[in-house]
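In the working numbering, the protein residues as written are 48 to 286.
Report on the following structure.
So, in structure tokens, the structure goes:
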């Protein structure tokens with residue numbers, strides 16, 4: 048199977064591994080938005096106690112640990128060795144039981160079909176050659192009724208201006224070269240891929256950055272960052 052990976056992207060995030068858990072380092076934006084992402088997941092899913100949850104493209108485990116603290120049985124996958132080592136060490140230090148695997152989501156789907164109650168795939172789709180392949184694999188991994196959360200970046204001039212010129216070059220919130228505006232994804236495109244994978248789009252919400260306040264808020268504006276929530280159809284024959 049041809050793997051849906053970009054070695055340059057993996058190397059890029061591997062070089063950031065030592066700073067995954069520094070709230071003022073290169074991953075600062077992830078620390079800022081993580082509480083918003085977690086609150087949104089809780090709002091849409093309710094209790095995650097003893098639920099089987101998968102975090103795709105987990106990096107250093109920032110979101111994975113938050114989900115584990117909510118009582119979920121968390122499996123997290125990534126392809127960057129350095130990031131996974133950081134994630135494993137931090138989880139151990141935090142007393143959290145998280146299964147970290149170096150594996151593509153497509154490979155994982157061959158092993159865990161119809162297994163997960165909920166899947167998160169945050170800030171990954173704009174870094175892979177074939178985003179649809181990721182979504183399709185997630186659909187296979189979900190139980191009937193299971194929910195998928197996808198976050199990515201809209202493809203338009205405003206997003207390019209704010210995230211590349213603003214966040215990378217002016218505010219220096221993230222390292223230069225983190226984003227490629229050509230890989231940004233319009234909501235209409237993401238919605239089509241989700242539906243083609245057999246899932247139903249249930250909600251979409253924007254994450255808007257306020258430079259002067261140095262904070263993100265959730266709202267209806269999906270011009271730049273946004274989260275889409277989809278659900279797998281419930282099969283009445285499923286036991």
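We treat Cβ as the ideally placed atom computed from N, Cα and C, and that holds for glycine.
Where residue 102 is concerned, the enclosing beta strand (DSSP E) starts and stops at 99-103.
Within the same chain, and ignoring the five residues on either side of residue 173 in sequence, the residues whose Cβ sits closer than 8 angstroms to its Cβ are 199, 200, 226, 227, 230, 231 and 232.
With respect to the 8 angstroms criterion, residue 194 and residue 162 are not classified as neighbours on the basis of their beta carbons.
In this structure the stretch 154-161 does not touch the stretch 84-96; the number of beta carbon pairs closer than 8 angstroms is below three. For residue 255, the pairing in a beta bridge is given by DSSP as 264. Using a Cβ distance threshold of 8 angstroms, residue 114 and residue 95 count as a contacting pair. Remark: C-beta atoms of residue 125 and residue 149 approach each other more closely than 8 angstroms. For residue 168, no alpha helix (DSSP H) segment is defined; the enclosing uninterrupted segment is the beta strand (DSSP E) at 163-169. The three-state reading of DSSP puts residue 135 in helix, counting H, G and I together. Within the DSSP bridge table, the entry for residue 198 names 169 and 274 as partners. Per DSSP, the beta-bridge partners of residue 147 are 123. Contact fails between the stretch 203-210 and the stretch 237-244, because fewer than three Cβ pairs, one in each stretch, are under 8 angstroms apart.
DSSP lists 276 as the bridge partner or partners of residue 250.
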